[in-house]
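> Using our numbering, read the sequence shown as starting at 294 and increasing by one per residue.
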Amino acid sequence: TDLETLRHLLQDSTVGEIFVVDNDGVLHGTITLPDLSEFAFDHDLDGLVNAGDVARTHPPMLTRHDDIETAVNLMDTSGETVIPVTENERDRTLIGAVTHDDVMTEFNRVLMERRREELGHE
């Protein structure tokens, strides 16, 4: 994906981040507006720079088998507010993403459920 398209994708993104995948859907990296800032206004680079050049290639990520505690801890330690979710760590096939709001909603649901169980209200 070329630089001009990346600009548009980031502007249209509801989470402020795009995920770069190869033709097989394998996560290559992520791009945020700060990642693009060096190239944002230099249209001379439009045909020269692509998504693979700009992407952070080792972003924090979760797998489908990770639990809510893992997600909370990863967001806390990484400072990321959007985290890609892959099938597994080995093949890194992108299956989705979670946002900070998603994680906090689920975390609160789990806390409330555990609290009800402690009180004997199932």
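Ideal Cβ positions, reconstructed from N, Cα and C, are used throughout, including at glycine. Owing to the predicted nature of the structure, the values given are computational and were not obtained by experimental measurement.
What are the boundary residues of the alpha helix (DSSP H) that includes phenylalanine 334?
As a position in the sequence shown, residue 334 is number 41, starting the count at 1. No alpha helix (DSSP H) contains phenylalanine 334, which DSSP labels as neither H nor E.
> What did DSSP end up calling glutamate 399 once you bin it into helix, strand or coil?
Residue numbering aside, residue 399 sits at position 106 when the sequence shown is read from its first letter. Looking at glutamate 399 - three-state DSSP - the assignment turns out to be helix.
> Using a threshold of 8 Å, state whether the C-beta atoms of threonine 363 and leucine 320 are closer than that.
Taking the sequence shown and counting its residues from 1, one reaches residue 363 at position 70. Taking the sequence shown and counting its residues from 1, one reaches residue 320 at position 27. No, the pair does not count as a contact, with Cβ atoms beyond the cut-off.
> Shortest alpha-carbon distance to aspartate 360 belongs to which of Asp395, Leu299, Thr298?
Here residue 360 is taken as the residue at index 67 of the sequence shown, counted from 1. Residue Asp395 is the option with its Cα nearest to aspartate 360.
> Using the three-state DSSP reduction, which class does threonine 370 fall into: helix, strand or coil?
The sequence position of residue 370 within the sequence shown is 77, counting from 1. Three-state DSSP puts threonine 370 in a helix.
> Terminal residues of the continuous alpha helix (DSSP H) containing histidine 414?
Along the sequence shown, read from residue 1 onward, the residue named residue 414 stands at position 121. Histidine 414 -> no alpha helix (DSSP H), and no H or E assigned at all.
> Using 8 Å as the cut-off, can you tell me whether the stretch 369 to 378 makes contact with the stretch 328 to 348, which would need three or more C-beta pairs spanning the two stretches below that distance?
no
> Going by DSSP, name the residue or residues bridged to leucine 355.
The residue labelled residue 355 in the question sits at position 62 within the sequence shown. Answer is Val378, bridged to leucine 355.
> Helix, strand or coil for aspartate 295, going by three-state DSSP, please let me know.
Reading the sequence shown from its first residue, position 2 is the one you call residue 295. The answer is strand: DSSP assigns aspartate 295 an E or B state.
> Just reading off the beta strand (DSSP E) that valine 313 is part of, what are its end residues?
One-based indexing of the sequence shown puts residue 313 at position 20. Its beta strand (DSSP E) spans residues 310 to 314.
> Report the option in Ile324, His301, Arg383, Arg300 whose CA atom is closest to the CA atom of isoleucine 376.
Walking along the sequence shown from the start, residue 376 turns up at place 83. Ranking Ile324, His301, Arg383, Arg300 by CA distance to the CA of isoleucine 376 puts Ile324 first.
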